[in-house]
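Student: Residue numbers (the numbering used here), protein chains in the order written: chain R, 5 to 499; chain G, 297 to 773. Don't be surprised by glycine CBs; every beta carbon is placed ideally from N, CA and C. Before anything else, here's the structure in question.
If you want it as structure tokens, here you go:
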């Protein structure tokens, strides 16, 4: 393609001599080197043994580049694993160390090899000044066979020893040479065409824009939600707080009426969620419709409690829990409060303005709402002995072990000791309480008694109520109340 | 050429009488013509037919991947307790095949086995394409393919966490991706001078531009060759341990777990031997027909094929030894579940897979003890097909039988592959052969420069006559 020699004065840049066999080339290379030429090169279709020595090519420093990159690769592998797995996001597995080398060797090894391989590849290209798509040699038609079956030796005209005629003469004198060729400078302009230049500039500018956008986004704050290309379950229909679900960010509303949840249809109960509110709270709700609200445990019970409170019958037993009579002389500070508090609660009407508003009594359940059998009472006894007897005593007289120990300590004049004994369950105040109220007391506690609602299931609490009633009956009952058959049995036993 | 071929027995193994690696009285120019002819001549009709078949199978493969991604991994038969079904079997199968190329390029290079030059390019291409097939399976096996980048240690705002580097599955990510990368650049580096040859020969302006870009302006300068050879040696030195590490790490996927039948220390060497075995099997499967179709008898002589057969015999026997040793250790180790696992492999519900594996992998290569079998191309081809089948079943046996029956009989279950499973297995061959046919058509399938440097000197140099008279010897040692 390129016979540009008759073009207007193309500058000669080198001299090329062709050989048909590698041995002749090697001899020629040796001669050229011995003649003192340094800017020489040979071109062969395959690597020739001995050409490095013949041409005086120094060993490449590629292995050192590879070694360096290999060490860097190994270090990167080690640090990558250490920083990510021991610092940024430690995997804590049993008592194993955060970082242990053996498990990290494979990745270190692979990264060492990877970096070294890149070093080999790019290092080789870089040292060979590749890629180089434009080369004056490619303009020499004969040179096409340098990658096929011909062997070439070239000398650069800038070589100190180069003399136009003398060098050519020497080349022509080589044994086995099959042609001496002048290599001329590529006459095509070195400058890039203007169009390509501008296109390049435009592309470069365009390429900078995305990083700039990223950079500015990184350094600014925005109220808009982050762009999330893989949404998975991040974005779902929902109602955000303080927003209307119909309008939010153009997303469709969850329901056409703007609600995010459907209200319960009155009179229906979700499967598995039903528990009798009476059983759960010991309070009879005002209407059946309110049942649904009771499902949410005790909180709505308070709201509901306000209504029954207006009914006068709720005030029948105002001083439900007043153990005032039983308090010992020592326990002044503690017992004063309940003693004071209860009467206030008891008579809300007469209370002066500053007194806190009375807490009206709810509509207590009168009788235990579960089926009562002797098993129930036995279960109640069992639970009572576990949970209640420590304070109230096995017989419910308020003389449990805790109480007795407290009095012992008081007798020993332990400093700072004060004790309000537990309620005696045989007092009238307790006897007259409706079952629901006792249940409520067990559930939520009263005064310094803690609530046992979390520990004892509702059925067991009711069982305890039955047992408390049974205990009370041991004091208040009359022989008339014993069924005739049982009486007979007792008589037979000799009582 | 043909006449010479018939006369010379290339398989003589007497060191003094070995035939040259290239026969047929070739010189440098005719080697170039012989190899470039494949790319330059009119494409044979057979190529178009094969390509059409391979490409349509590939189309099915991509369609199935699309279906999988769209629907979910439930389209596979993977289910309790066999969560690693065909995808992992196929992955290990293809990765194994992908070992021969780099092994030939690197390890045989280090051992100065010059006969490798005729088949290394071919085998390297096979490696790359097999690794492509292998890479697809774990990628689609993760379920949510679109977040595959979570496998890599990339800072992620979404996850706010990092991969667990103590997991063999993550080692696998690094090993396989490193292997793929290094294989590709190794292969490409080897091809640069040959691409330059194609560039200098082609008349097609489009191909000329493509080859020019790919050959990076290679001139064959002696200074460039010097660095190039050093680079090639370094590549070989790096790739040799790499090739051993990759299948070792693949075997860790199994061996680091506690499943009986997997939890054995023999796995790394056993897997590597199996990989070399399957890789050479595939080399033979591809090489025998290609040699015939493209008339490469002078470059790929019977001696080359015989050498491959010998390697198959050795590695096949190593694999057989590993099978036997697994059984021995299962008994000798005294671990009841281990013992059960191996008895179950051979005599349990998957006995048929086990016996396909043993007969294909251990028994069929034993035919190569006979020289007649080592020098009959069609027989080699048949055995190589058996090797491919056997090695696929080896991975099936390891993966499925161990998972199907582990410690607790209550958790046992059989594996039921679906049509999609079979389709993807076949489809991966479509990908492999499509890439391979494209390479055969457009790439230099024989490393011309390397063949030229190991072939017998095809010339009588004029310098030698003269040197005797005048000059002192300049030939370097």
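From this set, R:123, R:105 and R:187, which residue's C-alpha is nearest residue 145 (chain R)'s C-alpha?
Tutor: Taking the first chain and counting its residues from 1, one reaches residue 145 (chain R) at position 141. The option with the nearest alpha carbon to residue 145 (chain R) is R:187.
Student: Alpha carbon to alpha carbon, how far is residue 241 (chain G) from residue 551 (chain G)?
Tutor: In this structure chain G extends from 297 to 773, so residue 241 (chain G) is not present and cannot be described.
Student: Just to confirm my understanding: we take residue 658 (chain G), look at its own chain, exclude 5 residues before and 5 after, and list those with CB closer than 6 Å. What are they?
Tutor: Taking the second chain and counting its residues from 1, the one referred to as residue 658 (chain G) is at position 362. Excluding sequence neighbours, residue 658 (chain G) sits near 616.
Student: Using the three-state DSSP reduction, which class does residue 115 (chain R) fall into: helix, strand or coil?
Tutor: What you label residue 115 (chain R) is simply residue 111 of the first chain in a count that begins at 1. In the structure shown, residue 115 (chain R) sits in a helix (DSSP, three-state: H, G or I).
Student: Which residue's Cα is closest to the Cα of residue 411 (chain R): R:229, R:469, R:20 and R:423?
Tutor: Counting from 1 along the first chain, the entry for residue 411 (chain R) is found at position 407. The option with the nearest alpha carbon to residue 411 (chain R) is R:423.
Student: Given that residue 431 (chain G) touches chain R, what residues does it touch there, using C-beta distances under 7 Å?
Tutor: Within the second chain, residue 431 (chain G) is the residue found at index 135, counting from 1. In chain order: nothing, as chain R lies at least about 15 Å away.
Student: Is there contact here, the region 148-157 of chain R with the region 21-32 of chain R, by at least three beta-carbon pairs under 8 Å?
Tutor: Touching, per the Cβ criterion.
Student: Along the chain, where does the beta strand (DSSP E) containing residue 23 (chain R) start, and where does it finish?
Tutor: Taking the first residue of the first chain as 1, we reach residue 23 (chain R) at position 19. Per DSSP, residue 23 (chain R) belongs to the beta strand (DSSP E) from 16-23.
Student: For residue 173 (chain R), go through chain G and note every residue whose CB falls closer than 9 Å to its CB, in chain order.
Tutor: For this step, residue 173 (chain R) is matched to residue 169 along the first chain. In chain order: nothing, as chain G lies at least about 18 Å away.
Student: Can you tell me where the beta strand (DSSP E) with residue 186 (chain R) in it begins and where it stops?
Tutor: Mapped onto the first chain, residue 186 (chain R) falls at position 182. It spans 181-188 - the beta strand (DSSP E) in which residue 186 (chain R) sits, taken as one unbroken run.
Student: For residue 532 (chain G), would you say it is in contact with chain R, using Cβ-to-Cβ distances shorter than 7 Å as the test?
Tutor: On the second chain, residue 532 (chain G) is found 236 positions in, with the first residue counted as 1. It does not; no Cβ of chain R falls within 7 Å.
Student: Does any CB atom of chain R fall closer than 7 Å to the CB of residue 481 (chain G)?
Tutor: In the second chain, residue 481 (chain G) corresponds to position 185, counting from 1. Cβ-Cβ to chain R under 7 Å: yes for residue 481 (chain G).
Student: Which whole runs of the alpha helix (DSSP H) in the region 719-769 of chain G are 4 residues long or more, in chain order?
Tutor: Entirely contained in the region 719-769 of chain G, the alpha helix (DSSP H) runs reaching 4 residues are, in chain order, 744-750 and 758-765.
Student: Does the pairing of the region 714-727 of chain G with the region 420-437 of chain G give three or more beta-carbon distances under 8 Å?
Tutor: Counting Cβ pairs under 8 Å, three or more are found: they touch.
Student: What's the call for residue 429 (chain R), buried or exposed, on a 16-neighbour Cβ count within 10 Å?
Tutor: Translated into positions along the first chain, residue 429 (chain R) becomes position 425. With 16 or more other Cβ atoms within 10 Å, it is buried.
Student: Just the C-alpha distance for residue 707 (chain G) and residue 660 (chain G), rounded to the nearest angstrom, thanks.
Tutor: Against the second chain, residue 707 (chain G) aligns to sequence position 411. Against the second chain, residue 660 (chain G) aligns to sequence position 364. If you take the alpha carbons of residue 707 (chain G) and residue 660 (chain G), they lie about 36 Å apart.
Student: Note down, in chain order, all residues in the region 495-522 of chain G with a beta-carbon under 8 Å from any beta-carbon belonging to chain R.
Tutor: From the region 495-522 of chain G, only 495, 496, 497, 508, 509, 512, 513, 514, 515, 516, 517, 518, 519, 520, 521 and 522 have a Cβ closer than 8 Å to chain R.
Student: From G:499, G:365 and G:382, pick the residue whose C-alpha is nearest to that of residue 444 (chain G); which is it?
Tutor: In the second chain, residue 444 (chain G) corresponds to position 148, counting from 1. When only C-alpha atoms are compared, the closest one is G:365.
Student: Show which residues of chain G have a CB atom less than 8 Å away from the CB atom of residue 47 (chain R).
Tutor: Stepping through the first chain from its first residue, residue 47 (chain R) is reached at position 43. Residues of chain G passing the Cβ test: 515, 516, 517 and 518.
Student: Short of 7 Å in beta carbon distance, which residues of its chain neighbour residue 162 (chain R), apart from the five on each side in sequence? Order them along the chain.
Tutor: Your numbering for residue 162 (chain R) matches position 158 in the first chain. Closer than 7 Å at Cβ, skipping near neighbours: 43.
Student: So the candidates are R:75, R:32 and R:488; which of them puts its Cα closest to the Cα of residue 59 (chain R)?
Tutor: Looking up residue 59 (chain R) in the first chain gives position 55. That would be R:32, whose Cα lies nearest to the Cα of residue 59 (chain R).
Student: Could you give the DSSP three-state label for residue 598 (chain G): helix, strand or coil?
Tutor: Here residue 598 (chain G) is taken as the residue at index 302 of the second chain, counted from 1. Helix at residue 598 (chain G).
Student: Could you tell me the alpha carbon to alpha carbon distance between residue 483 (chain G) and residue 513 (chain G), rounded to whole angstroms?
Tutor: The sequence position of residue 483 (chain G) within the second chain is 187, counting from 1. The sequence position of residue 513 (chain G) within the second chain is 217, counting from 1. Between residue 483 (chain G) and residue 513 (chain G), the C-alpha separation is close to 17 Å.
Student: Does the ligand SAH have even one heavy atom less than 6 Å from the beta-carbon of residue 104 (chain R)?
Tutor: The model depicted lacks the ligand SAH and carries no ligand whatsoever.
Student: Please return the same chain residues whose Cβ sits closer than 7 Å to the Cβ of residue 357 (chain R), not counting the five positions on each side in sequence.
Tutor: If you number the first chain from 1, residue 357 (chain R) lands on position 353. For residue 357 (chain R), the predicted model reports a pLDDT of 45, less than 50, meaning its position is unreliable and no value from the coordinates is stated.
Student: If you follow the beta strand (DSSP E) that residue 157 (chain R) is in, where does it begin and where does it stop?
Tutor: The residue labelled residue 157 (chain R) in the question sits at position 153 within the first chain. 155-160 is the span of the beta strand (DSSP E), which, as asked, contains residue 157 (chain R).
Student: Mind pulling the chain R residues with CB within less than 8 Å of residue 467 (chain G)?
Tutor: Locating residue 467 (chain G) in the second chain gives position 171, where the first residue counts as 1. The contacting residues are 110, 111 and 114.
Student: I want to verify the contact list: residues of chain G whose CB lies under 7 Å from the CB of residue 139 (chain R), in sequence order.
Tutor: For the purposes of this step, residue 139 (chain R) is taken as residue 135 along the first chain, with counting starting at 1. Going along chain G in sequence order, the residues near residue 139 (chain R) (Cβ under 7 Å) are 513 and 515.
Student: Assign residue 497 (chain R) to buried or exposed, taking buried as 16 or more other Cβ atoms, counted over all protein chains shown, within 10 Å of its Cβ.
Tutor: The count along the first chain starts at 1 and reaches residue 497 (chain R) at position 493. Looking at its Cβ environment, which holds fewer than 16 other Cβ atoms inside 10 Å, residue 497 (chain R) is exposed.
Student: Just tell me which of R:469, R:445, R:404 and R:222 has its CA closest to the CA of residue 376 (chain R).
Tutor: Stepping through the first chain from its first residue, residue 376 (chain R) is reached at position 372. Comparing Cα-Cα distances from residue 376 (chain R) to each of R:469, R:445, R:404 and R:222, the minimum goes to R:469.
Student: Here's the rule: buried if 16 or more other CB atoms are within 10 angstroms of the residue's CB, otherwise exposed. What is residue 414 (chain G)?
Tutor: Looking up residue 414 (chain G) in the second chain gives position 118. Result: buried.
Student: With residue 484 (chain G) as the anchor, note down where its beta strand (DSSP E) starts and where it stops.
Tutor: The residue given as residue 484 (chain G) occupies position 188 in the second chain. Here residue 484 (chain G) belongs to no beta strand (DSSP E); instead the alpha helix (DSSP H) covers 464-497.
Student: Here's the rule: buried if 16 or more other CB atoms are within 10 angstroms of the residue's CB, otherwise exposed. What is residue 772 (chain G)?
Tutor: What you label residue 772 (chain G) is simply residue 476 of the second chain in a count that begins at 1. Reliability fails at residue 772 (chain G), whose pLDDT of 46 lies under 50, so the model's placement of it is uncertain and no value is given.
Student: Helix, strand or coil for residue 326 (chain R)? Go by DSSP, reduced to three states.
Tutor: Reading the first chain from its first residue, position 322 is the one you call residue 326 (chain R). Reliability of the predicted coordinates at residue 326 (chain R) is poor, the pLDDT of 40 falling under 50, and no value is obtained from them.
Student: Taking Cβ to Cβ, would you say residue 29 (chain R) is nearer than 7 Å to residue 523 (chain G)?
Tutor: Locating residue 29 (chain R) in the first chain gives position 25, counting from the first residue. Locating residue 523 (chain G) in the second chain gives position 227, counting from the first residue. No.
Student: DSSP three-state call for residue 46 (chain R): helix, strand or coil?
Tutor: If you number the first chain from 1, residue 46 (chain R) lands on position 42. Reduced to three states, the DSSP call for residue 46 (chain R) is strand.
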